[in-house]
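Peer 1: Below: one structure in structure tokens.
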RNA sequence: GGGCCCAUGAUCUAGUGGCUAUGAUGUCACCCUUACAAGGUGAAUGUCCCCGGUUCGAGUCCGGGUGGGCCCACCA
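Structure (structure tokens):
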């Protein structure tokens, strides 16, 4: 028997402990079942709270894991943490007040590792276990863990071998705050207001031309001037030289189609490097290099008297001087969008440094083809992937000038620059800890001080997760993996890089399916941001609502689209749990003396509800199979609440409470049907609300099915129901029942009040042996033949 | 500037060419019916954003707008 009331906290704890103790979610290496692997997004564990959006998304695919497990798959569901990279560094720097310039890489890494361990333990217990997630914790990996490092470094070595990875001195996107190179994907837009400055340049013959620029601080780095070849105003200028104000270097005037004649004066100066176009023209027209910026974003000696100033300070001082000398002839306000570091919003600069790159540009077309081999849910997100891939302008810069990350296993001769890399057998390795001795030129090999871009590791998450190198014999059984669930905002990074790596290493797609999760907005439909103060934290929410209530809300969220968060909507989940509890209590009460044998004859109305159960099983299964969990759940719930509780339970009450009036077979038929339907419903609900369904299942069904947990029981299957015109007759039954209820409501009668019911002959014939149940549920004293009518 | 998504009663939502548009929340009326009043039975509330087109038939398809959201590019 179930307790009178549903005690969520106690039940959650009880079953979470049980699942862990009994290893319910363990991946079975020796099983013959088909394997289903989920490529779980490694969460950053460094934040103190869990954003409700994350809690939703992680639960969303956890529901899929449960569905697949019940559906006969051997589910490989490895938890993970992304503890490698800038967020951890930032966390440690802020929390402990150290930074990468004041402590050594080794010490710093140690602090990071310690911080990780602490936070991950909290996360594991307070977030994932609390949410009732069904990971196999023995499969845990972290992106800074040994195996992840080994995979990441192995990938690097193999890509060098096959010619897809190279080191080159290149202008690189640079964050002057973090003092590291960035990938194109790490740059985000910043909108800002700035001034467009109209500056006079002298020509050699003493004439003047006027150039508009937003970045006069780069005058010292000016190496050329461009006009549009179709611009008649300036055709006479091409081939001449101009003299840069203040710094007096002579630069050539050239032509290029890309110059916008409408913008400013139609004359552009190019500097090394103020922006992307500068780099393009510098390469295309073979211009000299004048570097005036150091890694911290300060000007160097080429900027002469402005040496040591930041770009902003230099701009002010230079403008001041230009204005004084009347070289600055005009200033206009300008709305501008510039690239900024995605972590700190500092506008990015371009600096020439030696960096490692992985080739992407030559593979653009192939990567689009690979993307089409994957099933996208919803499909339109593939377009976003393809657009990004098409528009890529750079190879992927994978080195970062940071401390905490996977070290780059390479050494460079301090004399001749010779590069050597590690042997695969040595991995994982930290080149700063290994002495590679002398170069043949006599110089010494020095280990690379940089680390990999965090995506270098994350892009191998499917391979790390299924233990590519550790359990290589199993690899082909597990890879390509089944599903990548992820957020839509990292298609250009995580999705793209993972497809790239999988293609470069295996000439395969990394997953069969990719599904984009739900994004949570605030109640007004705006994104949740700490800075806006509208973030809802999951752990705080879980203090107010129990876990199954929260999960019920998650179960209603549609993959790939946004939902506004409204706390009132969680109340629906509470009501649902109460309803499920009470309905189950009722059913179990009436199963007490049930002998579990199928009765010799089932009542037709019982068959009708079994038929409806079949239908709902099919709808749920079909929808779950295409990651449409919200539709699956809505269908199941509608059947449960409306058909099962409101109608069917009312219909069978008479047979259950008064078996003698209709013969005991009628009661047995009802008991059989109740058992079937409730067991089916519990399983259909189990992925979403695992705790309450487990409790009810254990009280009644587990012992009968001899299964340890509902979560490893079999997903319900359709069972053959044969009866002529069953659906039509059942629908007619429900229709008549509703009409009687309406007439009682209209007459302000109670549902228990008796009625004399008149039905047309056609209906009476069709209902046949359902009449007795109709009579009982409508409390009809008698049912007569004639035009439809109710009398009290 | 380009691309993608969305627009359905007060609110959220189903609906991918066919009978009177789905469900939930909220509102109102009635009902303490032996699982549940955190319940039940009913009711009211919709120019399905606008304009045009295709069609026997459009919430659904096409074109054009308007409004919201997201992604990308970009202006020296």
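Numbering (my numbering), first residue to last: 131 to 922.
Quick reminder that beta carbons are idealized off the backbone N, C-alpha and C, glycines included.
1) Suppose you measure from the CA of residue 774 to the CA of residue 716; what does that come to, to the nearest Å?
2) Is it buried or exposed for residue 315, if we count other Cβ within 10 angstroms and need 16 for buried?
3) Give the C-beta separation of residue 381 and residue 389 to the nearest angstrom, bearing in mind that I take them to be a contact with Cβ-Cβ under 8 Å.
4) Can at least three beta-carbon pairs, one atom from the stretch 680-689 and one from the stretch 230-243, be found at a separation below 8 Å?
5) I believe residue 821 touches residue 141 by the beta-carbon criterion, under 8 Å. Please report the beta-carbon distance rounded to the nearest angstrom.
6) Going by DSSP in three states, residue 526 sits in which element: helix, strand or coil?
7) Output yes or no for whether 9 Å exceeds the beta carbon distance between residue 202 and residue 845.
8) Which same chain residues, not among the five before or five after residue 882, have their C-beta less than 7 Å away from its C-beta?
9) If you compare alpha carbons, which of 195, 228, 526 and 635 is closest to residue 292?
10) Looking at the structure shown, is residue 373 part of a helix, part of a strand, or coil, going by DSSP?
11) Please go through the same chain and pick out, in chain order, the residues whose beta-carbon is closer than 7 Å to the beta-carbon of residue 676, but skip the five residues on each side of it.
12) Look at residue 327 and residue 180 and say whether their C-beta atoms are less than 9 Å apart.
13) Using CA atoms only, rank isn't needed, just tell me which of 402, 351 and 734 is closest to residue 857.
14) Using only the alpha-carbon positions, how far apart do residue 652 and residue 146 sit?
15) Going by C-alpha distance, which of 868, 378 and 339 is nearest residue 366?
16) Please list, in chain order, all residues of the same chain as residue 503 whose beta carbon is under 8 Å from its beta carbon, the five residues on each side excluded.
17) Comparing alpha-carbon positions, which option in 284, 290 and 211 lies nearest residue 251?
18) Return yes when the Cβ of residue 182 is within less than 9 Å of the Cβ of residue 658, no when it is not.
19) Mind checking who residue 173 pairs with in its DSSP beta bridge?
20) For residue 518, which three-state DSSP category applies?
21) What three-state label does DSSP hand residue 635 in the structure shown?
22) Whole angstroms are fine: how far does the CA of residue 745 sit from the CA of residue 832?
23) Between the beta-carbon of residue 691 and the beta-carbon of residue 628, is there less than 9 Å?
24) Report yes or no: do the stretch 599-617 and the stretch 185-202 share at least 3 C-beta pairs separated by less than 8 Å?
25) What does a CB cutoff of less than 8 Å around residue 193 pick up in its chain, not counting 5 residues either side in sequence?
26) Hey, residue 347 and residue 427 are a contact pair by Cβ (cut 8 Å); roughly how many whole angstroms apart?
27) Which residue's Cα is closest to the Cα of residue 134: 385, 360 and 711?
28) For the beta strand (DSSP E) containing residue 398, name the first residue and the last one.
29) What does DSSP give as the partner residue(s) for residue 167 in the beta ladder?
30) Within 10 angstroms of the Cβ of residue 840, are there 16 or more other Cβ atoms? Answer buried if so, exposed if not.
31) Taking residue 430 as the reference, give the member of 393, 392 and 481 with the closest Cα.
32) By how many angstroms is the C-alpha of residue 372 removed from the C-alpha of residue 360?
33) For the candidate residues 584, 763, 149 and 136, whose alpha-carbon lies nearest to that of residue 842?
34) For a test of the three-state rule: what should DSSP assign to residue 671, helix, strand or coil?
35) Quick check on the burial criterion: 16 or more other C-beta atoms within 10 angstroms. Buried or exposed for residue 557?
36) Round the Cβ separation of residue 311 and residue 531 to the nearest angstrom and send it over; I've been treating them as touching at under 8 Å.
Peer 2: On the basis of the supplied data:
1) Taking the first chain and counting its residues from 1, one reaches residue 774 at position 644. Taking the first chain and counting its residues from 1, one reaches residue 716 at position 586. Looking at the two C-alpha atoms, the distance is approximately 12 Å.
2) To locate residue 315, count along the first chain from 1; it is residue 185. So residue 315 counts as buried.
3) In the first chain, the residue the question calls residue 381 occupies position 251. In the first chain, the residue the question calls residue 389 occupies position 259. Contact between residue 381 and residue 389 is ruled out by a C-beta separation of about 15 Å, above the 8 Å threshold.
4) No, the stretch 680-689 is not in contact with the stretch 230-243.
5) Stepping through the first chain from its first residue, residue 821 is reached at position 691. Stepping through the first chain from its first residue, residue 141 is reached at position 11. Taking a contact as a CB-CB distance under 8 Å, the pair residue 821 and residue 141 counts as one, their CB atoms being some 5 Å apart.
6) For the purposes of this step, residue 526 is taken as the residue at position 396 of the first chain. Strand, per DSSP.
7) Locating residue 202 in the first chain gives position 72, where the first residue counts as 1. Locating residue 845 in the first chain gives position 715, where the first residue counts as 1. Annotated as proximal: residue 202 and residue 845, with beta-carbon spacing under 9 Å.
8) Here the question's residue 882 lines up with position 752 in the first chain. Counting only Cβ-Cβ distances below 7 Å, and skipping sequence neighbours, we find 909.
9) Position 162 of the first chain, counted from the first residue, corresponds to residue 292. Nearest C-alpha to residue 292: 635.
10) The residue given as residue 373 occupies position 243 in the first chain. Residue 373 carries a strand assignment under DSSP once its states are collapsed to helix, strand and coil.
11) Indexing the first chain from 1 puts residue 676 at position 546. Excluding positions up to five away in sequence, the list reads 138, 139 and 142.
12) Your numbering for residue 327 matches position 197 in the first chain. Your numbering for residue 180 matches position 50 in the first chain. In this structure, residue 327 lies away from residue 180, with their beta-carbon atoms at least 9 Å apart.
13) Counting from 1 along the first chain, the entry for residue 857 is found at position 727. The residue with the shortest Cα to Cα distance from residue 857 is 734.
14) For this step, residue 652 is matched to residue 522 along the first chain. For this step, residue 146 is matched to residue 16 along the first chain. Those two C-alpha atoms are separated by around 31 Å.
15) Numbered from its first residue, the first chain carries residue 366 at position 236. Closest by alpha carbon: 339.
16) Numbered from its first residue, the first chain carries residue 503 at position 373. Excluding positions up to five away in sequence, the list reads 639.
17) Your numbering for residue 251 matches position 121 in the first chain. When each option's Cα is compared against that of residue 251, the closest is 211.
18) One-based indexing of the first chain puts residue 658 at position 528. One-based indexing of the first chain puts residue 182 at position 52. Yes, these two residues count as a Cβ contact at 9 Å.
19) Taking the first chain and counting its residues from 1, one reaches residue 173 at position 43. By DSSP's assignment, residue 173 forms no beta bridge with any residue.
20) In the first chain, counting from the first residue as 1, residue 518 sits at position 388. For residue 518, the secondary structure class from DSSP, reduced to helix, strand or coil, is helix.
21) Residue 635 sits at position 505 when you count from the first residue of the first chain. Looking at residue 635 - three-state DSSP - the assignment turns out to be helix.
22) Here residue 832 refers to the residue found at position 702 of the first chain. Here residue 745 refers to the residue found at position 615 of the first chain. Taking the straight line joining both Cα atoms gives about 24 Å.
23) The residue labelled residue 691 in the question sits at position 561 within the first chain. The residue labelled residue 628 in the question sits at position 498 within the first chain. Cβ atoms of residue 691 and residue 628: not closer than 9 Å.
24) Per the Cβ contact rule, the stretch 599-617 is in contact with the stretch 185-202 (3 or more Cβ pairs under 8 Å).
25) For the purposes of this step, residue 193 is taken as residue 63 along the first chain, with counting starting at 1. So the qualifying residues of the chain are 681, 684, 685, 759, 817 and 818.
26) Within the first chain, the letter at position 217 stands for residue 347. Within the first chain, the letter at position 297 stands for residue 427. Not quite, the Cβ-Cβ distance comes to about 11 Å (not below 8 Å), so this is no contact.
27) Sequence index remark: in the first chain, residue 134 carries index 4 (1-based). Ranking 385, 360 and 711 by Cα distance to residue 134 puts 711 first.
28) On the first chain, position 268 is the one that residue 398 refers to. It spans 397-401 - the beta strand (DSSP E) in which residue 398 sits, taken as one unbroken run.
29) Your numbering for residue 167 matches position 37 in the first chain. Answer is 206, bridged to residue 167.
30) As a first step, residue 840 must be located in the first chain, where it is residue number 710. Residue 840 should be labelled buried.
31) In the first chain, residue 430 corresponds to position 300, counting from 1. Out of 393, 392 and 481, 481 has the C-alpha closest to the C-alpha of residue 430.
32) As a working mapping, residue 360 is identified with position 230 in the first chain. As a working mapping, residue 372 is identified with position 242 in the first chain. Whole-angstrom Cα-Cα distance: 20 Å.
33) Taking the first residue of the first chain as position 1, residue 842 is located at position 712. Ranking the options by Cα distance to residue 842, first place goes to 149.
34) Sequence index remark: in the first chain, residue 671 carries index 541 (1-based). Here residue 671 sits in helix by DSSP.
35) The residue given as residue 557 occupies position 427 in the first chain. Counting the other Cβ atoms within 10 Å of the Cβ of residue 557 gives 16 or more, which makes it buried.
36) Mapped onto the first chain, residue 311 falls at position 181. Mapped onto the first chain, residue 531 falls at position 401. Confirmed, Cβ separation roughly 6 Å.
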